[in-house]
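*Asks:* Using our numbering, the first residue of the sequence shown is number 33, and each one after it goes up by one.
Idealized CB from N, CA, C, for every residue including glycine.
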Amino acid sequence: KTARKTRDFVEKMRETDKTVIFFYGSQTGTAEDYAARLAKEGTQRYNLRTMTADLEDYDMNLLDTLPANHLAVFVLATYGEGEPTDNAAEFWEHLVTGEDLPEFSRDDYEDAERPLSDVHYVVFGLGNKTYEHYNAVCRRVDEKLTKLGATRIGDRGEGDDDGSLEEDFLSWKDDMWKAVCDFMGIDFFAGNSG
Ligand code: FMN
């Protein structure tokens with residue numbers, strides 16, 4: 033008999049005492065690697081309790097149940113004609129290309145048009161400027177999350193795999209950590225003193 037893994041990431045965060053979850057949409061592993069690096073840096077540098085999560089392993093219609101003092105980070109690659117990776121396809125359909133107002137799980141919203149109004153998120157996209165739909169997945173996810181009432185922490189980051197992906201990532205993430213520390217109420221400079 034095998035143990036069944038929960039698809040409820042909020043329950044998993046509660047059970048394992050995590051407050052920041054790094055979701056990745058990745059085909060060949062780059063976004064997954066970036067998510068892992070960010071999660072590790074958050075723990076080692078800023079003492080945050082982090083975990084990574086493959087988007088296809090969890091029920092993303094529970095996003096509305098993420099506590100307001102927690103954070104969801106999305107690290108998302110774009111493929112094809114501005115399409116998501118296979119592991120992000122269900123999330124993409126639910127959030128972006130599905131019905132006008134995606135269904136979430138709670139039934140006690142103050143504003144039914146803004147079901148994600150307690151949710152705080154960070155987004156970084158991986159793409160390549162030689163493609164027409166540059167970083168379309170992170171852009172449309174960002175736009176939709178905001179439209180549904182969620183609050184982005186810091187600026188959206190975008191990396192260009194045509195040459196500057198790693199530099200784009202590195203130059204984005206320090207300001208991102210500053211914004212995340214402000215949001216989480218922790219001292220950014222303490223993590224950068226050594
Ligand atoms: N990047 C874009 O911005 N837009 C695209 O439409 C796009 N299509 C791609 C199609 C293919 C077949 C490949 C190999 C890459 C494409 N990219 C596109 C670039 C990838 O998003 C980029 O290489 C990314 O770093 C891959 O991340 P991953 O290793 O996590 O899958």
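Just to confirm, are Leu95 and Val151 a CB contact at a threshold of 9 Å?
*Replies:* yes
*Asks:* Go to Val42, then tell me how far its alpha helix (DSSP H) extends in each direction, as first and last residue.
*Replies:* Phe41 to Thr48
*Asks:* Would you mind giving the Cβ-Cβ distance between Val105 and Phe55, rounded to the nearest angstrom? I have them listed as a contact below 8 Å.
*Replies:* 7 Å
*Asks:* Any idea if Lys161 is buried or exposed, counting beta-carbon neighbours within 10 angstroms, 16 or more meaning buried?
*Replies:* exposed
*Asks:* Compare the beta carbon distance of Asp200 and Gly186 with 9 Å and say whether it is the shorter of the two.
*Replies:* no
*Asks:* Using 10 angstroms around the beta-carbon of Glu64, count the other beta-carbons present and answer buried if the total reaches 16, otherwise exposed.
*Replies:* With 16 or more other Cβ atoms within 10 Å, it is buried.
*Asks:* Measure the Cβ-Cβ separation of Ala211 and Leu158 and say whether it is below 9 Å.
*Replies:* no
*Asks:* Can you list, in chain order, the stretches of the beta strand (DSSP E) that have 3 or more residues and sit fully within the stretch 33–111?
*Replies:* 52–57, 82–86 and 103–111
*Asks:* Should Ala100 go down as buried or exposed, given a rule of 16 or more other Cβ atoms within 10 Å for buried?
*Replies:* exposed
*Asks:* Taking Arg69 and Asp49 to be in contact with their CB atoms under 8 Å, please state how far apart those CB atoms are, rounded to whole angstroms.
*Replies:* Between the beta-carbon of Arg69 and that of Asp49 there is about 21 Å, and that puts the pair past the 8 Å contact cut.
*Asks:* Can you grab the Cα-Cα spacing for the pair Gly114 / Arg36, in whole Å?
*Replies:* Roughly 34 Å between the two C-alpha positions.
*Asks:* Checking the sheet assignment: what are the DSSP bridge partners for Pro116?
*Replies:* Thr110
*Asks:* Name, in chain order, the residues that DSSP records as bridge partners for Tyr153.
*Replies:* Ala104 and Arg184
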